[in-house]
Each structure stands twice: as structure tokens, then as C-alpha cells.
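Reviewing the structure listed below.
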Amino acid sequence: MEKSIPVLINTAREYGFLRIIPLTDIDSLIAASILARNLGEHDIHTVINLDVKTCLETDEPTILLNIPKPSQAKKWCQELVWDKQDSSLSSYIVTGLENYWIVSDYDKILAILAGIYKERDLGKEGFQGTEKKFLQELIDNDKAEIEFGFRFWGWRKRSLVEMITRTLIPFLPGLTGERGQVLAFLKKLFNTESVESLNSSSIFLEEEPERAKKFAAALYEALEIDENTRKTILLKLIGFTYYFYIGDTRLESFETLGSLIIYESLERGTVNILSNLSLDPNILYSIISLYDYYIDMLANEISHGIRLWLSGRSIDTDRIERPDIYVDILRSLGLLNQKPVSIISNGRSITVLRELLRIGKDIEYALSVCDELQLCKI
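Quick note: to get the numbering used here, add 346 to the position in the sequence shown (first position is 1).
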């Protein structure tokens with residue numbers, strides 16, 4: 347197998363089987379789910395697992411998604427490492443599959459979410475890669491809408507207090523997870539005690555651009571972090587928001603993506619559920635329901651964890667079993683360094699495979715310290 351989608355599909359067709367081993371970032375997991383479901387619909391048996399050590403002993407066609415091939419891997423194991431800056435791996439997979447079969451609108455929605463996760467839509471121009479094409483198709487078919495505004499989780503859906511408190515990416519130091527501080531910030535900004543009823547229109551109306559400028563300036567001053575990071579946060583917080591329609595269900599893009607990011611870190615094995623996301627939208631709906639239940643508790647705990655990490659201390663968690671959420675937050679803030687992000691869970695310090703690869707550890711070393719779920723001891 348080579349890296350190209352045609353060779354990948356032709357090999358899978360020839361043997362009637364493909365094992366897929368994705369990295370545990372959201373893009374790779376979505377890409378694996380899309381690839382597996384579409385191959386499965388055309389009589390190709392697929393298996394998704396996360397154990398890279400499988401490549402050392404397999405005699406079946408296997409593809410590693412965004413994971414380098416170990417030097418001792420069997421010939422059947424190949425890699426597809428996607429590092430293009432204009433689109434996500436998920437969108438690349440969808441584009442390749444479309445040369446063979448019709449790909450569902452749902453899979454294209456998932457690919458767009460992966461593109462947002464990879465920050466491929468920042469700036470006034472939005473998406474520049476294949477996600478732009480998918481988005482326009484969905485808009486033309488009344489399956490999506492787009493608007494410019496603040497990219498808070500739950501934009502146009504939640505109260506302003508909820509949106510600010512719940513938005514974990516971009517993380518808002520001093521406000522995310524801190525409901526009391528959000529209330530105090532809004533009371534001072536609007537000079538009123540009655541802030542619970544404030545909503546997106548309170549800070550953004552196209553006919554009143556000064557309203558958004560005033561809010562952005564106040565938010566910039568309220569962020570409890572250095573000036574350069576504040577600028578990064580504001581640049582990522584202002585831009586396009588997307589709404590998707592799956593049947594009668596309307597989804598706001600950032601809260602939907604946020605639910606996947608939160609869910610991934612809730613338990614050690616939730617990554618296995620995410621790798622099946624393409625199979626049925628009901629999986630996504632269930633994850634969103636769990637998000638609604640947990641988000642307020644978790645936002646506070648995660649906010650505390652980020653403060654600990656930025657102060658040089660360890661993150662000791664109660665409800666979070668995987669460090670992926672902390673990796674994603676610090677990546678968005680531009681604050682990753684040569685120390686792998688880790689948490690203390692059940693009394694032991696763990697990171698994830700993708701963090702070891704990011705800091706330059708070779709895959710052979712990673713395999714010696716990582717388990718079948720890509721959780722790694724340090």
C-alpha cells in the first residue's frame with residue numbers, strides 16, 4: 347500500500363479487508379470512522395483499533411492514520427500522515443472516496459468539523475481547502491448555514507453567561523469555567539445586575555459594529571494571560587460560525603465539536619466510540635446529550651487544570667481520564683512546548699502518543715511506553 351487513496355481502496359477491495367489505526371486527535375478519529383463506514387457499505391470488512399503494536403505482527407492490510415510506521419512493522423502495515431495546511435485528513439479521505447462512491451452529507455459535516463478542529467477556517471476568508479467545497483454543497487442543499495460573529499460554544503443558542511463560561515477552545519483564561527467571574531465581567535461591562543438574559547445579540551449585531559468592538563476590547567482586558575496569547579485568543583474567537591441540519595436536528599458547529607472534544611477525555615476508552623462516529627448520527631446526538639450534562643462541571647475542573655499546568659504544576663483530575671482535552675486547549679492557545687502535556691489519573695502520570703510524537707520521540711520509543719489506547723506513562 348502507498349499513501350494515495352486509490353491504492354488504499356484498491357488494496358482493501360482486493361483483500362476484502364482493511365484495519366485502520368488512527369491517532370487519537372479528533373481529525374484522525376473522524377477520518378477513520380468515515381473511511382471504515384464507506385468501505386463497509388461496499389462489502390469491505392474493516393476493523394478500527396488504536397494499538398499500533400498490531401503493526402508488528404499483522405499479516406492483513408493495515409493503515410496508520412497520522413502515525414509513522416514503526417521500523418519493525420510488517421509489510422502489510424502502511425502509513426498515511428497528512429500534514430497539509432489547507433485541509434484536514436478527514437476532508438482528504440472524503441475527497442478520495444468521492445472518486446468511487448457517493449459520500450453522505452453527514453460525512454461531509456463531520457469532515458467540516460474536523461477542519462474546524464484543525465483550525466483550517468481562521469480569518470476573514472474562512473476555509474480554503476476542500477472543506478470550502480463541502481460547505482458550499484451543504485449550503486446549496488439547505489443543509490448548512492454560515493454567519494460571521496463570535497465563535498463561542500453555543501452561539502445564538504445559549505445565554506451569554508453560558509457561552510462564555512462553557513467555551514473551552516479558544517480557552518478564555520479567567521473566564522472559562524468561572525461562572526462567578528463571567529457574571530462580574532458582564533455586570534461591569536453592561537452596568538447592570540441583570541445579565542442572565544443577555545444573549546448573542548447583546549454583543550453582536552451587523553447593523554451595530556461598535557457593539558462587537560466594545561465587547562471584544564473589554565474581553566481582551568479581562569483575559570488573565572500575557573498580551574500575545576490574548577491576541578491569539580481574540581483572532582480565533584472572531585470568525586465564521588456554521589449551522590448544520592441532519593434531518594430535523596440543527597447543530598451549532600462549535601458546541602458540536604466541543605462535545606466531541608469533551609467526550610474523548612471523559613474515559614479511557616471513549617476514543618473507540620468516536621472512531622465509529624460516522625456509522626449513525628444517533629452516536630453524535632448521544633455525545634451531545636452527555637456534553638449538556640457534564641459541561642458545566644467539567645469546564646470548571648478543566649479551567650483549574652489549565653491554571654495548574656501554566657503555573658508549572660501537575661494536573662490532578664477527578665473526572666477526566668485522558669489528557670487529550672488539555673492538549674487541544676494548549677495547542678489552540680499556542681502554548682505547547684517540549685514538555686508533553688500530561689495528567690495524573692488514578693495515581694499515575696500519563697500523556698498520549700500524539701504528544702510524544704509532537705515533541706520528537708520516535709515511534710519505537712513511544713510503543714515501549716504506550717498502551718493499546720495510546721495512553722502513555724511518563
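We put the beta carbon where it would ideally sit given N, CA and C, even for glycine.
Please read all numbers here as calculations on a predicted model, not as lab measurements.
**Element boundaries [beta strand (DSSP E), containing H388]** = Working through the sequence shown from its first residue, we reach residue 388 at position 42. Here H388 belongs to no beta strand (DSSP E), and DSSP marks it neither H nor E.
**Rounded distance between the beta-carbons of L702 and A712, thought under 8 Å** = Counted from its first residue, the sequence shown places residue 712 at position 366. Counted from its first residue, the sequence shown places residue 702 at position 356. The Cβ separation is near 5 Å, so the contact holds.
**Contacts around E710, its chain only, beta-carbon distance under 7 Å, and the 5 residues preceding and following it disregarded** = Within the sequence shown, residue 710 is the residue found at index 364, counting from 1. P416, S417, listed in sequence order.
**Asked** Does DSSP classify R614 as helix, strand or coil?
**Response** Residue numbering aside, residue 614 sits at position 268 when the sequence shown is read from its first letter. R614: coil per DSSP, three-state reduction.
**Request:** Thinking G475 and S437 are a contact (beta carbons under 8 Å), I'd like their distance in whole angstroms, please.
**Result:** Locating residue 475 in the sequence shown gives position 129, counting from the first residue. Locating residue 437 in the sequence shown gives position 91, counting from the first residue. With a contact defined as Cβ atoms closer than 8 Å, G475 and S437 qualify at about 6 Å.
**Message:** One question on the structure: do S505 and N545 come within less than 8 Å of each other, judged by their Cβ atoms?
**Reply:** As a position in the sequence shown, residue 505 is number 159, starting the count at 1. As a position in the sequence shown, residue 545 is number 199, starting the count at 1. In contact: S505 and N545 (Cβ atoms closer than 8 Å).
**Request:** Give the range of the alpha helix (DSSP H) segment to which A645 is assigned.
**Result:** For the purposes of this step, residue 645 is taken as residue 299 along the sequence shown, with counting starting at 1. If you look at A645, you'll find it in the alpha helix (DSSP H) that goes 627-656.
**Residues near L762 in its chain [Cβ-Cβ closer than 6 Å; skip 5 each side]** = For residue 762 there is no data in the structure shown, the boundaries of the chain being 347 and 724.
**Message:** For G604, count the other beta carbons within 10 Å of its own beta carbon; 16 or more makes it buried, fewer makes it exposed. Which is it?
**Reply:** Taking the first residue of the sequence shown as position 1, residue 604 is located at position 258. It counts as buried.
**Prompt:** Among the residues of its own chain, which have a CB less than 7 Å from the CB of W428, if the five just before and after it don't count?
**Reply:** Taking the first residue of the sequence shown as 1, we reach residue 428 at position 82. Cβ neighbours of W428 beyond the five flanking positions: N412, L435, Y438.
**Prompt:** Mapping DSSP to helix, strand and coil, what is T326?
**Reply:** The question about residue 326 has no answer, for the chain in this structure spans 347 to 724.
**Asked** Span of the alpha helix (DSSP H) holding G461?
**Response** For the purposes of this step, residue 461 is taken as residue 115 along the sequence shown, with counting starting at 1. From DSSP, the alpha helix (DSSP H) with G461 extends over 451-463.
**Request:** Give every residue of the same chain whose Cβ lies closer than 8 Å to the Cβ of E465, excluding the five residues on either side of it in the sequence, and list them in chain order.
**Result:** Stepping through the sequence shown from its first residue, residue 465 is reached at position 119. Annotation for E465: K582, S678 place their beta carbon closer than 8 Å to its own, counting only its chain and skipping 5 residues before and after.
**Message:** So, does the segment 636-646 touch the segment 662-677, judging by three or more C-beta pairs under 8 Å?
**Reply:** In short, these stretches touch, since the Cβ pair count reaches three.
**the segment 506-524 in contact with the segment 678-693 per 3-pair CB rule at 8 Å** = Three or more beta-carbon pairs separated by less than 8 Å link the segment 506-524 to the segment 678-693, which places the two stretches in contact.
**Under 8 Å between C-beta atoms of I648 and I634** = Walking along the sequence shown from the start, residue 648 turns up at place 302. Walking along the sequence shown from the start, residue 634 turns up at place 288. For the 8 Å CB-CB criterion, I648 and I634 do not form a contact.
**Item:** Simplified DSSP state of R677, which is helix, strand or coil
**Value:** By one-based count along the sequence shown, residue 677 stands at place 331. DSSP places R677 in helix when its eight states are reduced to three.
**Prompt:** Leaving out five residues before and five after E570 in sequence, what residues of the same chain have Cβ atoms less than 7 Å from its Cβ?
**Reply:** Taking the first residue of the sequence shown as position 1, residue 570 is located at position 224. Apart from sequence neighbours up to five positions away, the residues of its chain that approach E570 with a beta-carbon distance below 7 Å are P519, G520, ordered along the chain.
**Request:** Give, in chain order, every unbroken run of the alpha helix (DSSP H) that is at least 4 residues long and sits entirely within the segment 551-579.
**Result:** Counting only runs of 4 or more, we get 555-568.
**is_contact[P627, chain C] using C-beta, thresh 8 Å** = Here there is only one protein chain, and chain C is not present.
**Asked** Using a Cβ-Cβ cut-off of 7 Å (strictly less than) and excluding sequence neighbours within five positions of Y566, which residues of its own chain qualify?
**Response** Here residue 566 refers to the residue found at position 220 of the sequence shown. So the qualifying residues of the chain are R576, L580.
**Request:** Give me the Cα-Cα distance between P368 and L402, rounded to the nearest whole angstrom.
**Result:** Within the sequence shown, residue 368 is the residue found at index 22, counting from 1. Within the sequence shown, residue 402 is the residue found at index 56, counting from 1. For P368 and L402, the distance between alpha carbons rounds to 16 Å.
**Item:** Buried/exposed call for T538, threshold 16 Cβ in 10 Å
**Value:** Numbered from its first residue, the sequence shown carries residue 538 at position 192. Residue environment analysis places T538 among the exposed positions, since fewer than 16 neighbouring C-beta atoms fall within 10 angstroms of its C-beta.
**Request:** Could you pull out every residue in the same chain whose Cβ sits closer than 6 Å to the Cβ of K489, ignoring the five residues on either side in sequence?
**Result:** Stepping through the sequence shown from its first residue, residue 489 is reached at position 143. Cβ neighbours of K489 beyond the five flanking positions: D451, Y591.
**Asked** Less than 8 Å separating the beta-carbons of R700 and T357?
**Response** Taking the sequence shown and counting its residues from 1, the one referred to as residue 700 is at position 354. Taking the sequence shown and counting its residues from 1, the one referred to as residue 357 is at position 11. No, the Cβ-Cβ distance between R700 and T357 is not below 8 Å.
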